[in-house]
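*Asks:* Numbering (the numbering used here), first residue to last: 49 to 362.
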Amino acid sequence: MYRFVIRRLMLAALTMLVVSVLTFFMLRLIPGDIVDLMLSDFGYAADRDAILRELGLHRPFYVQFGEWFGGLFVGDLGQSLWTGNTVTHELGRRYPVTLELSIIALVVSTVLSIPIGIITAVRQDTWIDYALRSVSIGLVAVPILWIGTIVVTLPALFFGWAPPLSYVPFTEDPIKNLSVMVLPGVIVGIPLMGGTIRMTRAMLLEVVRQDYIRTAWAKGLQPQTIWYRHAVRNALIPVLSLIGLQIPFLLGGTVIIEQIFNLPGMGIYMLQSLQNRDYVPAQTIILTFAAATVLINLIVDLLYGVLDPRIKYT
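1. Taking the straight line between their C-alpha atoms, what separation do you get for residue 219 and residue 306?
2. If we count the other Cβ atoms within 10 Å of its Cβ and call it buried at 16 or more, is residue 327 buried or exposed?
3. Enumerate, from N- to C-terminal direction, the unbroken alpha helix (DSSP H) stretches of 4 or more residues contained entirely within the segment 173-260.
4. When the cut-off is 9 Å and only beta carbons count, does residue 180 lie next to chain D?
5. So is residue 282 buried or exposed if we call it buried at 16+ other beta carbons inside 10 Å?
6. Ignore the nearest five residues each way along the sequence and tell me which others in residue 28's own chain have a CB closer than 6 Å to its CB.
7. Do the CB positions of residue 58 and residue 339 come within less than 9 Å of each other?
8. Looking at C-alpha atoms only, which residue of 156, 188 and 181 is the closest neighbour of residue 165?
9. If I'm right that residue 72 touches residue 113 with Cβ under 8 Å, what's the distance once you round it to whole angstroms?
10. Can you name, in chain order, every residue of its own chain whose Cβ lies under 6 Å from the Cβ of residue 233, other than the five neighbours on each side?
11. If you measure between the beta carbons of residue 237 and residue 160, is that distance less than 9 Å?
12. Decide yes or no for the touch test of the segment 257-267 against the segment 275-294: beta carbon pairs closer than 8 Å, at least 3 of them.
13. Is the segment 247-261 touching the segment 166-174, taking contact as three or more C-beta pairs under 8 Å?
14. For residue 127, which residues does DSSP report across the bridge?
15. Sort 119, 199, 103 and 108 by Cα distance to residue 68 and report the nearest one.
16. Closer than 6 Å by C-beta to residue 60: which residues in its own chain qualify, once you throw out the five before and the five after it? Chain order, please.
17. On a Cα-Cα basis, can you pick out the residue from 108, 117 and 129 that is closest to residue 85?
18. Starting from residue 97, trace the alpha helix (DSSP H) both ways and give me its first and last residue.
19. For residue 239, which option in 215, 274, 297 and 81 has the closest C-alpha, if you only look at C-alpha atoms?
20. Can you tell me the Cα-Cα spacing of residue 210 and residue 284, whole angstroms?
21. Quick check on residue 5: buried or exposed, where buried means 16 or more other Cβ atoms within 10 Å of its Cβ?
22. Could you check the C-alpha separation between residue 176 and residue 184 for me, to the nearest Å?
23. Is the distance from the Cβ of residue 75 to the Cβ of residue 336 below 9 Å?
24. My guess is that residue 196 and residue 304 are in contact by the Cβ rule of under 8 Å, so how many angstroms apart are they, rounded?
25. Which residue wins for smallest C-alpha separation from residue 155, given the options 291, 223, 308 and 323?
26. How far does the alpha helix (DSSP H) with residue 55 in it extend, from its first residue to its last?
27. Cβ of residue 216 within 9 Å of Cβ of residue 309?
28. Exposed or buried, what is residue 301 when buried is set at 16 or more other beta-carbons lying within 10 Å of its beta-carbon?
29. Roughly how many whole angstroms lie between the Cα atoms of residue 349 and residue 311?
30. What number of angstroms, rounded off, separates the C-alpha of residue 108 from the C-alpha of residue 77?
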């Protein structure tokens, strides 16, 4: 197992290197740059070359990349070209918001979708199965942007109520924090539920056709024992893989919802950085999202052995 973990960590390091290189250079391919925005917004009298030198953008790309990438190893994430604030300070303030939003979404999605998927498999080809499958298709099809907009606007129009749009840190007031964060978290988790429901159902129906399940039926075991003790545990391995693959979509959903609900998270910070062509924060946030995806998928791989002891890591 240790060798497996070491290999995966080495592969993760290579992945992060490739992501950092691609992110750094692709951001600089976006038309326009921060100097153009500064000149147009603030009317700087200084010439363009002077601003480029002040920001350090006159240097070759490989020099800028080396400085930024080297700083990552010593905890120096650089400074915002637009505000001058350190990226470390901004991420430390915004990361808990996105993390809390992601955890709520993932918990809601997993806790609701897996039991629903089990019910659809146990009640195969009944009206319950058809109804829940139709709901799962709808959850996949509905855009998260539309859901968030409807949730904010319709209650305000018809009932005079709007969800709270002023973020309160959990450490200051846990109750107010949850009153702000739960609704956006649920909205982010809704699109993830559809795929998990369908995957859980499909895997369960495949597992119950295996020989050892037929043997359990032949022995006269109780249906609850067969389904929940023998079938569900083996069916959850592919579901775990799907949850790991959903992490990029989860992080993408937080970007949209943070914008709608005015949450000061990493997603809205990345959007602001991209709009301002503020390269350093944008590339650092993208790299952080990539690192979270790689780490969570590694954890998912290790959980396979917990669900199925027959799996051996070499």
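Idealized CB from N, CA, C, for every residue including glycine. Quick caveat: nothing in here was measured; it's all calculated off a predicted structure.
*Replies:* According to the structure shown:
1. By 1-based counting over the sequence shown, the position of residue 219 is 171. By 1-based counting over the sequence shown, the position of residue 306 is 258. Taking the straight line from one Cα to the other gives about 19 Å.
2. Numbered from its first residue, the sequence shown carries residue 327 at position 279. The Cβ neighbour count for residue 327, taken over all protein chains shown within 10 Å, is at least 16; the residue is labelled buried.
3. List check, alpha helix (DSSP H) in window: 175-189, 192-207 and 222-255.
4. Chain labels in this structure do not include chain D; a single protein chain is all it has.
5. For the purposes of this step, residue 282 is identified with residue 234 of the sequence shown, where counting begins at 1. Answer is buried; the Cβ neighbour count reaches 16.
6. Missing from the structure shown is residue 28; the chain here goes from 49 to 362 and no further.
7. As a working mapping, residue 58 is identified with position 10 in the sequence shown. As a working mapping, residue 339 is identified with position 291 in the sequence shown. Against a cut-off of 9 Å, the Cβ pair of residue 339 and residue 58 comes out as no contact.
8. What you label residue 165 is simply residue 117 of the sequence shown in a count that begins at 1. When the alpha-carbon of residue 165 is set against those of 156, 188 and 181, the nearest one is in 181.
9. Taking the first residue of the sequence shown as position 1, residue 72 is located at position 24. Taking the first residue of the sequence shown as position 1, residue 113 is located at position 65. Between residue 113 and residue 72 the Cβ distance is about 5 Å, and since that is below 8 Å, they are a contact.
10. Locating residue 233 in the sequence shown gives position 185, counting from the first residue. Excluding residues within five positions, the ones whose Cβ falls inside 6 Å are 149, 152 and 153.
11. One-based indexing of the sequence shown puts residue 237 at position 189. One-based indexing of the sequence shown puts residue 160 at position 112. Residue 160 is positioned such that its CB atom lies closer than 9 Å to that of residue 237.
12. A contact exists between the segment 257-267 and the segment 275-294.
13. Touching, yes.
14. Position 79 of the sequence shown, counted from the first residue, corresponds to residue 127. According to DSSP, which records beta bridges pairwise, residue 127 is partnered with 134.
15. Counting from one through the sequence shown, the residue named residue 68 turns up at place 20. Residue 68 has its Cα closest to that of 119, out of 119, 199, 103 and 108.
16. The residue you call residue 60 lines up with position 12 of the sequence shown. If you ignore the 5 residues before and after residue 60, its C-beta comes within less than 6 Å of the C-beta of 342, all in its own chain and listed in chain order.
17. On the sequence shown, position 37 is the one that residue 85 refers to. Closest by alpha carbon: 129.
18. Walking along the sequence shown from the start, residue 97 turns up at place 49. In the DSSP annotation of this structure, the continuous segment of the alpha helix (DSSP H) that includes residue 97 starts and ends at 96-103.
19. Taking the first residue of the sequence shown as position 1, residue 239 is located at position 191. Closest by alpha carbon: 297.
20. By one-based count along the sequence shown, residue 210 stands at place 162. By one-based count along the sequence shown, residue 284 stands at place 236. Each residue's Cα considered, the two are about 38 Å apart.
21. Residue coverage of the chain in this structure runs from 49 to 362, which leaves residue 5 outside it and unanswerable.
22. Residue 176 sits at position 128 when you count from the first residue of the sequence shown. Residue 184 sits at position 136 when you count from the first residue of the sequence shown. So the alpha carbons of these two residues sit roughly 12 Å apart.
23. Mapped onto the sequence shown, residue 75 falls at position 27. Mapped onto the sequence shown, residue 336 falls at position 288. Not in contact: residue 75 and residue 336 (Cβ atoms no closer than 9 Å).
24. For this step, residue 196 is matched to residue 148 along the sequence shown. For this step, residue 304 is matched to residue 256 along the sequence shown. Going by Cβ atoms, the distance from residue 196 to residue 304 rounds to 7 Å, so yes, they are a contact pair.
25. What you label residue 155 is simply residue 107 of the sequence shown in a count that begins at 1. If we check each option's Cα against that of residue 155, 291 comes out closest.
26. In the sequence shown, residue 55 corresponds to position 7, counting from 1. Element bounds for residue 55: 50-75.
27. On the sequence shown, position 168 is the one that residue 216 refers to. On the sequence shown, position 261 is the one that residue 309 refers to. Contact flag unset, no.
28. The residue labelled residue 301 in the question sits at position 253 within the sequence shown. Classification for residue 301: buried.
29. In the sequence shown, the residue the question calls residue 349 occupies position 301. In the sequence shown, the residue the question calls residue 311 occupies position 263. A direct Cα-to-Cα measurement between residue 349 and residue 311 gives close to 32 Å.
30. Locating residue 108 in the sequence shown gives position 60, counting from the first residue. Locating residue 77 in the sequence shown gives position 29, counting from the first residue. Between the alpha carbons of residue 108 and residue 77 lies a gap of roughly 14 Å.
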